[in-house]
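In my numbering, the protein residues as written are 64 to 434.
Note that beta-carbon positions come from the ideal geometry of N, C-alpha and C, so glycine has one too.
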Amino acid sequence: MKVFVNEIKKYDLPEIIKIFRQNFAEIDLWTELETKKIILLKPNLLGPYHPEEAVTTHPVIIEAVIILLQEKNKEVWLGDSPGGSVAVKTTFNKTGMTALTEKYNIKLINFSEGGIKQHKIGKTEFIFTAYLEKVDAVINIAKYKTHSLMYYTGAVKNLYGLVPGLKKSDYHKENADYKSFGKIISGLHSLVNSKIALNIVDGISGMEGEGPSAGKKRDFGVIFTSQSASALDFIAARMMGFKNSQMHYILDAMKHENIEPDDIILEPKWRSFQFKKVKYRKISLFIKLISISPGFLKKLFKKLYVYEPDFNEKCTLCRVCLESCPVQAIFLDGKMKIDYNKCIKCMCCHELCPYHAIYIRKSWLAKRLIK
Ligand code: SF4
Ligand code: SF4
64 MKVFVNEIKK YDLPEIIKIF RQNFAEIDLW TELETKKIIL LKPNLLGPYH
114 PEEAVTTHPV IIEAVIILLQ EKNKEVWLGD SPGGSVAVKT TFNKTGMTAL
164 TEKYNIKLIN FSEGGIKQHK IGKTEFIFTA YLEKVDAVIN IAKYKTHSLM
214 YYTGAVKNLY GLVPGLKKSD YHKENADYKS FGKIISGLHS LVNSKIALNI
264 VDGISGMEGE GPSAGKKRDF GVIFTSQSAS ALDFIAARMM GFKNSQMHYI
314 LDAMKHENIE PDDIILEPKW RSFQFKKVKY RKISLFIKLI SISPGFLKKL
364 FKKLYVYEPD FNEKCTLCRV CLESCPVQAI FLDGKMKIDY NKCIKCMCCH
414 ELCPYHAIYI RKSWLAKRLI K
């Protein structure tokens, strides 16, 4: 399985088209798509952020794919379901998607509308957009970022946006730690993967630190392309410095795709390449330590190890967090407050606040345990 890593410093449309043209030809994408008419583009549209904030997929990357698909007379649809209760129309406008769909006369879809499909794996019921059945293939176009709960987010995690609206918060509620939430992500990937014709991860500008939305923009200067979401993520996460033990859901997804690390074909210069000191937040350490401690230590540790969302002065009382919290732990009492007895630390509020008004408050011990 080939993973392309292309160096590019700017969102330069002709250059990006040139890169994709070469990559698509090399993997024979057009033969694969020959009989497919409707192609759905699935970017990362986490919330109402400007492209320059590096939270969402940059519109120029999407534009390049649209141009190449329209050259082949494909009908292009573009859709996502931003997290929680974020206003979808605002997200589409702010991320540049509305302008793009008007310019190229393509269909813009909100996955929270249009029905759902349900599938069970074991006891877990998966719900995702019924639009998946209405299109012939999907091109998954993610963003290159660290993730406070999952370490890394790229192609596989981007498919979580196929889950409509607030159902995403339900999965967080039922699967609070990164291993069980990772099972949800890799399970969903196994259900939808046959529809994914191609994966692209936009790392020209990505994010480090408190990703996926409150971190710092970092210009990695690369674009990844592969027919395998999991192989792509394995390489991309490794280039951020993550180890196999921090990639559970990616390795699970590779198993579903029958891909071993040694099967991945990569240009020699990238084989041992790592970006220097990519910063990230290890909130999963809390869950890990709790899960291996005996009862009394668990209680003590929980008391001393405080790691929870809180509000800063940027809050505009927009209520996005309140309406998105899966356990109704947020309430308005003059200002926004959190009932920490209810909070499951899913970080949905931290992820979704459009104003970066929610930060992660840490106790003395948490500060020392988290880099
Ligand atoms: S913290 Fe304030 S600004 Fe942020 S989502 Fe909640 S209400 Fe809106
Ligand atoms: S308040 Fe707690 S439970 Fe609610 S969204 Fe925020 S982190 Fe999740």
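Beta-bridge partners of residue i, as assigned by DSSP
i: Phe-394; result: Lys-400
i: Ile-184; result: Thr-187
i: Val-264; result: Ala-205, Phe-287
i: Phe-67; result: Thr-288
i: Arg-281; result: Gly-269
i: Arg-424; result: Glu-371
i: Tyr-343; result: Gly-272
i: Tyr-214; result: His-210
i: Ile-328; result: Lys-65
Counted within 10 angstroms of its Cβ, other Cβ atoms place residue i as buried (16 or more) or exposed
i: Leu-141; result: buried
i: Asp-282; result: exposed
i: Ala-117; result: buried
i: Pro-445; result: In this structure the chain extends from 64 to 434, so residue 445 is not present and cannot be described.
i: Leu-225; result: buried
i: Asp-296; result: buried
i: Asp-91; result: exposed
i: Phe-359; result: exposed
i: Ser-268; result: buried
Inter-residue Cα distance where the pair is residue i and residue j
i: Ser-211; j: Tyr-343; result: 7 Å
i: His-419; j: Asp-265; result: 22 Å
i: Lys-105; j: Asn-375; result: 32 Å
i: Lys-180; j: Ile-259; result: 17 Å
i: Lys-230; j: Leu-261; result: 26 Å
i: Ile-393; j: Pro-145; result: 20 Å
i: Leu-385; j: Ile-328; result: 45 Å
i: Ser-253; j: Ser-426; result: 38 Å
i: Pro-257; j: Ala-200; result: Pro is not the amino acid found at residue 257; the sequence shown has Ser there. If I take the Cα positions, the gap works out to 9 Å.
i: Lys-339; j: Pro-324; result: 22 Å
i: Asn-307; j: Asn-238; result: 21 Å
i: Phe-83; j: Ala-127; result: 8 Å
i: Ile-124; j: Leu-367; result: 45 Å
i: Thr-119; j: Leu-108; result: 5 Å
i: Leu-103; j: Ile-263; result: 13 Å
Residue from the options with nearest C-alpha to residue i
i: Val-151; options: Asn-307, Pro-227, Ser-426, Ala-392; result: Pro-227
i: Glu-371; options: Leu-132, Asn-404, Ser-257, Ser-276; result: Asn-404
i: Lys-100; options: Asn-238, Lys-197, Ile-247; result: Lys-197
i: Thr-94; options: Pro-122, Lys-137, Arg-382, His-121; result: Lys-137
i: Asp-233; options: Leu-76, Pro-331, Gly-110, Ile-247; result: Ile-247
i: Val-68; options: Glu-323, Ala-299, Ile-322; result: Ala-299
i: His-311; options: Cys-406, Val-66, Ser-249; result: Ser-249
i: Glu-165; options: Ser-175, Ile-129, Ser-293; result: Ile-129
i: Asp-240; options: Tyr-422, Met-64, Lys-408; result: Lys-408
i: Ala-316; options: Lys-157, Tyr-74, Gly-217, Gln-337; result: Gly-217
Min CB distance residue i to chain D below 8 Å
i: Glu-134; result: The displayed structure is made up of one protein chain only, and chain D is not part of it.
Heavy atom of ligand 3 within 7 Å of residue i beta-carbon
i: Ile-393; result: Annotation note on ligand 3: not contained in the displayed structure, which lists ligand 1 and ligand 2 as its ligands.
**OP:** Please go through the stretch 114-175 and give each complete beta strand (DSSP E) segment of 3 or more residues, from N-terminal end onward.
**Re:** 138-143, 170-173
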